[in-house]
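Have a look at the structure below before the remarks.
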Amino acid sequence: MTLDPSLIFRKIMPMLQKTQNRVIFGGLIGAFGGSSFVLSIYPIAIGLLFDQLSGNALLFTLSYVIPVTVLWAIAGAICGWLGKMRDGAIVLGLCGATSGILMSTAFLGESSSSAILLGGALIGLIYGVPAGLLISGALRRPEA
C-alpha cells in the first residue's frame, strides 16, 4: 500500500479552509517562530552587528522567551485569521520589530549608543516580514 500525496493534500486543504483551524495553526507556527527568534536568530545577529557586546547575548535574552513567544503566537493567529500575504507580512514585521526593540533594551547599559535599538528593530523586521509571508501564504483564506 503506497501513500498518495494527493490524498493527503485533499484531506488537509478542507481543514485549512475553516477560520478557526487557520487561527490555531497560525498561532502554533507563530509561537515556534517567536521562540526561534529569541533563542537563535536574535542573539547571533545582535552579536554580529555589535562587537562591543559580551558573549552573553543569549543569557540576556532568555528572560524574554515566554513574552516574545506569546506575542508571536498572537501575531501568527492574526495572520491565520487574515489569510492575506501582505497583511501577514505587516503584522509579523511589526511584531518582529517590537520584539527586537524589547530585547535590545537589555543591552542599553552594555552598549555605548542607542543604535542597538535600531539594530534590534531591523533584525526583527528582517525576520518577521518573510515569516508573515510564509504563514499567511500557507494559511491563505479560501476564495469565495
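All you need for this note's numbering is the position in the sequence shown, starting with 1, plus 44.
By construction, the Cβ of each residue, glycine as well, lies at the ideal position given by its N, Cα and C atoms.
Which residue marks the beginning of the alpha helix (DSSP H) containing residue i, and which one marks its end?
| i | result |
| --- | --- |
| Pro186 | Run containing Pro186: none; DSSP gives neither H nor E here. |
| Asn65 | Thr63 to Ser80 |
| Tyr108 | Where Tyr108 is concerned, there is no enclosing alpha helix (DSSP H), given that its DSSP letter is neither H nor E. |
| Leu92 | Tyr86 to Leu93 |
Is residue i near residue j, with beta carbons less than 9 Å apart?
| i | j | result |
| --- | --- | --- |
| Leu83 | Thr105 | yes |
| Gly124 | Ile68 | yes |
| Tyr86 | Gly168 | yes |
| Leu152 | Leu166 | no |
| Ile122 | Gly70 | yes |
| Gly144 | Ala117 | no |
| Leu138 | Arg66 | no |
| Gly120 | Ile179 | yes |
To the nearest whole angstrom, what separates the beta carbons of residue i and residue j, a pair I think is in contact under 8 Å?
| i | j | result |
| --- | --- | --- |
| Ile90 | Gly164 | 7 Å |
| Gly78 | Leu126 | About 18 Å; that fails the 8 Å criterion. |
| Met129 | Leu177 | 5 Å |
| Pro186 | Gln64 | In fact, because the Cβ distance is near 14 Å, the residues do not count as touching under 8 Å. |
Under three-state DSSP, which class holds residue i?
| i | result |
| --- | --- |
| Ser158 | coil |
| Asp131 | helix |
| Gly168 | helix |
| Leu97 | coil |
| Leu115 | helix |
| Leu126 | helix |
| Gly144 | helix |
Taking 9 Å as the threshold (beta carbon to beta carbon), is residue i in contact with chain B?
| i | result |
| --- | --- |
| Gly132 | Although the question refers to chain B, the structure presented lacks it and comprises just one protein chain. |
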